[in-house]
Structure formats: C-alpha cells, structure tokens
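Peer 1: Residue numbers (our numbering): 4 to 279. Positions of the beta carbon are idealized from the N, C-alpha and C atoms, including for glycine. My structure is below; once you've seen it, I'll send some questions.
The structure is reproduced here in structure tokens:
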C-alpha cells in the first residue's frame with residue numbers, strides 16, 4: 004500500500020536538504036534552501052509539472068523506474084532510496100549489485116566479537132569480502148586465497164577440501180547453486196557472474212547439470228543446521244543464520260553457531276592451536 008501524502012512530504016524534505024553547490028548549481032537568487040523542483044525534475048528526466056504534483060501528493064502512483072531516477076537525481080543513500088520505494092510503491096527496491104569493495108571497520112568488529120562462531124560477509128554474487136578468525140580455522144583460511152578465488156560457488160565445486168567437509172555434498176551444492184541463482188537475479192548481476200558460470204560449466208559436469216535445472220532457493224540462504232567433517236576436529240554441528248547488512252542490502256552476513264558445548268570446545272581448541 005502506498006501513501007501519496009507521505010511520499011510528497013518525504014520528497015519535499017529531501018529536496019530542501021540538498022546542497023545546490025554539491026550539484027554544481029549556483030547559490031544566487033535562491034529564496035529557499037535546497038534544490039528547486041524544476042532542478043530535481045530535470046536531473047530525473049521527468050516533467051516538472053508531474054514532479055510538482057508528486058510532491059503535492061496528487062501525481063499518481065510512480066513507477067519503479069521513475070523512483071529510481073529521482074533517487075539518483077537527489078543522490079539518496081541506499082537507506083533513503085529504500086524508504087522512498089517503501090512509501091512510494093509499498094515495497095523495497097530491487098537490490099543493486101555492487102562489485103566487492105570490503106566492509107566498514109565497525110562491521111568487521113561485529114564479526115570479530117563472534118569469537119567461537121565462524122562468520123563471514125558475502126556479496127550478492129557470493130564473493131567473500133570479510134570473515135573472522137573462527138571462520139579461518141573451521142571453514143577456510145580465506146586470507147590465503149587470491150581475491151578472485153574467494154567465491155563460495157567456486158570453492159564448492161573447485162576446492163577438494165571444501166567438498167570433503169560436506170557429508171552430503173550433492174545436496175549442499177544443489178542448495179548453494181539454487182540460492183546463488185536467486186541472489187544474482189535479485190541483484191541484476193547476471194552479466195557480472197557469466198564468466199564464473201561459464202568457467203564452472205566447463206570444468207564441472209555436476210555444476211553444469213545443476214545450473215541447467217534452473218532451480219531457485221529462498222533469499223539469503225535462510226537458516227538451519229549444518230554438519231561439517233573438519234580434518235582436525237572431526238564432526239562439527241553448526242547452526243547457521245543469514246542476515247542482510249543494514250544499509251547494504253547487497254551484502255549478507257552468515258553466522259555459524261556451535262550447536263553444542265562440545266562443538267564450541269572443538270572450535271576453541273582449533274583457535275588455541277592456530278599459529279599466531
């Protein structure tokens with residue numbers, strides 16, 4: 004459900020807080036703060052009259068394309084853009100793909116506080132951009148991998164150690180492929196992953212068959228319980244959950260919590276024996 008009055012109020016408020024100088028516009032002869040309606044309309048490539056109606060709550064329901072153009076015209080943040088869509092269309096916007104660019108120090112500190120819970124952050128194309136120490140001893144030491152190799156899909160089908168850790172590799176791999184396909188489509192990143200898909204189709208008949216099935220899985224990988232066969236610690240039972248990163252809908256944080264005290268003790272022992 005949309006709210007035309009709330010949309011108009013939000014647009015007026017955002018416009019009034021914009022700095023004309025940041026847009027290369029003159030500050031002369033401006034009686035009110037912010038950009039003029041005509042300037043926003045021109046930047047968004049929409050009619051000034053229609054944009055004025057939109058701010059007045061009588062412009063009719065805007066399309067997603069128009070809202071996206073207005074968001075770019077006003078240089079809204081991802082959070083502001085999402086709010087614009089929620090009040091304008093009653094739903095969030097589609098996730099916009101971003102190339103891997105790392106995470107904030109604050110988010111890394113969140114990962115690091117999870118001392119005995121392996122955790123990492125991945126993009127919509129399943130490239131890993133951050134992880135904690137527990138992840139390096141339980142899953143993979145991602146710091147030792149070249150940037151281009153830190154991809155969950157590639158490791159699932161090309162890394163024998165990752166495959167050996169999965170008691171039911173076929174089922175897990177199928178789930179990963181289906182979730183990956185859904186995330187990539189949602190982010191509009193099909194072109195960005197085409198070379199990876201082509202590579203895996205050429206080197207793995209199993210991947211090629213799963214990709215041809217066109218299965219899709221729920222958003223973010225969901226949650227559940229996973230059993231891993233660690234080469235040193237033996238069987239590890241982990242409860243996993245996936246969360247969208249606030250302000251970065253293109254990123255997902257995945258956390259694996261030890262399911263039992265015995266599992267936590269095994270992870271603690273692995274960390275203790277980890278070279279400094």
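Let me check understanding here. Comparing Cα to Cα, which of 218, 79, 89 lies closest to residue 26?
Peer 2: For the residues 218, 79, 89, the minimum Cα distance to residue 26 belongs to 79.
Peer 1: How long is the line joining the alpha carbons of residue 67 and residue 77, rounded to whole angstroms?
Peer 2: Roughly 15 angstroms separates the two Cα atoms.
Peer 1: In this structure, what does DSSP give as the bridge partners for residue 261?
Peer 2: Paired residues: 241.
Peer 1: Can you tell me the Cα-Cα spacing of residue 51 and residue 16, whole angstroms?
Peer 2: Those two C-alpha atoms are separated by around 17 angstroms.
Peer 1: Let's test the definition: count the other Cβ atoms within 10 Å of the Cβ of residue 223 and tell me whether it reaches 16, buried, or not, exposed.
Peer 2: Confidence in residue 223 is poor, its pLDDT being 49 and thus under 50, which makes the residue's placement too unreliable to answer from.
Peer 1: In terms of DSSP beta bridges, what is residue 227 paired with?
Peer 2: Answer by DSSP bridge pairing, in chain order: 243.
Peer 1: Tell me, please, whether the segment 148-156 touches the segment 184-191 by the rule of three or more beta-carbon pairs shorter than 8 angstroms.
Peer 2: No: the two stretches stay apart, fewer than three of their Cβ pairs being nearer than 8 angstroms.
Peer 1: Quick check on this structure: which residue in 75, 165, 93 has the alpha carbon closest to the alpha carbon of residue 10?
Peer 2: Comparing Cα positions, the closest option is 93.
Peer 1: If you count every other CB in all the chains shown that lies within 10 Å of the CB of residue 255, and 16 or more means buried, which is it?
Peer 2: That one is buried.
Peer 1: Give me, in chain order, the residues of the same chain whose beta-carbon lies closer than 7 angstroms to that of residue 48; leave out the 5 immediate sequence neighbours on both sides.
Peer 2: Counting only Cβ-Cβ distances below 7 angstroms, and skipping sequence neighbours, we find 72.
Peer 1: Is residue 127 buried or exposed, if buried means 16 or more other CB atoms sit within 10 Å of its CB?
Peer 2: Answer is buried; the Cβ neighbour count reaches 16.
Peer 1: State the beta-bridge partners of residue 194 as determined by DSSP.
Peer 2: None, per the DSSP bridge assignment.
Peer 1: How big is the Cα-Cα spacing for residue 135 and residue 207?
Peer 2: Taking the straight line from one Cα to the other gives about 30 angstroms.
Peer 1: Our contact map puts residue 143 next to residue 113 with C-beta atoms below 8 angstroms; I'd like the distance itself, whole angstroms only.
Peer 2: Not quite, the Cβ-Cβ distance comes to about 20 angstroms (not below 8 angstroms), so this is no contact.
Peer 1: My guess is that residue 95 and residue 83 are in contact by the Cβ rule of under 8 angstroms, so how many angstroms apart are they, rounded?
Peer 2: So it is not a contact: roughly 12 angstroms between Cβ atoms.
Peer 1: Can you pull the DSSP bridge partners for residue 22?
Peer 2: Its beta-bridge partners do not exist; DSSP assigns none.
Peer 1: Looking at residue 19: is its Cβ nearer than 7 angstroms to the Cβ of residue 37?
Peer 2: Yes, the Cβ-Cβ distance between residue 19 and residue 37 is below 7 angstroms.
Peer 1: Specify whether the segment 243-254 and the segment 262-269 touch according to this definition: at least 3 beta carbon pairs, one from each stretch, less than 8 angstroms apart.
Peer 2: Contact fails: fewer than three Cβ-Cβ distances are below 8 angstroms.
Peer 1: Please report the residue range of the beta strand (DSSP E) in which residue 132 lies.
Peer 2: 131-134 is the span of the beta strand (DSSP E), which, as asked, contains residue 132.
Peer 1: According to DSSP, is residue 219 helix, strand or coil?
Peer 2: Note: residue 219 maps to coil in three-state DSSP.
Peer 1: What is the DSSP secondary structure of residue 162, counted as helix, strand or coil?
Peer 2: Three-state result, residue 162: coil.
Peer 1: Taking just the CA atoms, how far does residue 32 sit from residue 108?
Peer 2: Cα to Cα, the separation comes out at about 43 angstroms.
Peer 1: Taking residue 227 as the reference, which of 237, 64, 244 has the closest Cα?
Peer 2: Selected option, being the one with the closest Cα: 244.
Peer 1: DSSP puts residue 124 in a beta bridge; with which residues?
Peer 2: Per DSSP, 133, 256.
Peer 1: Give me the Cα-Cα distance between residue 269 and residue 121, rounded to the nearest whole angstrom.
Peer 2: So the two alpha carbons sit approximately 12 angstroms from each other.
Peer 1: Whose C-alpha, out of 30, 139, 204, 219, is nearest the C-alpha of residue 271?
Peer 2: Closest by alpha carbon: 139.
Peer 1: For the putative contact between residue 180 and residue 214, defined by C-beta atoms under 8 angstroms, what is the C-beta separation to the nearest angstrom?
Peer 2: About 6 angstroms separates the two Cβ atoms, so the contact holds.
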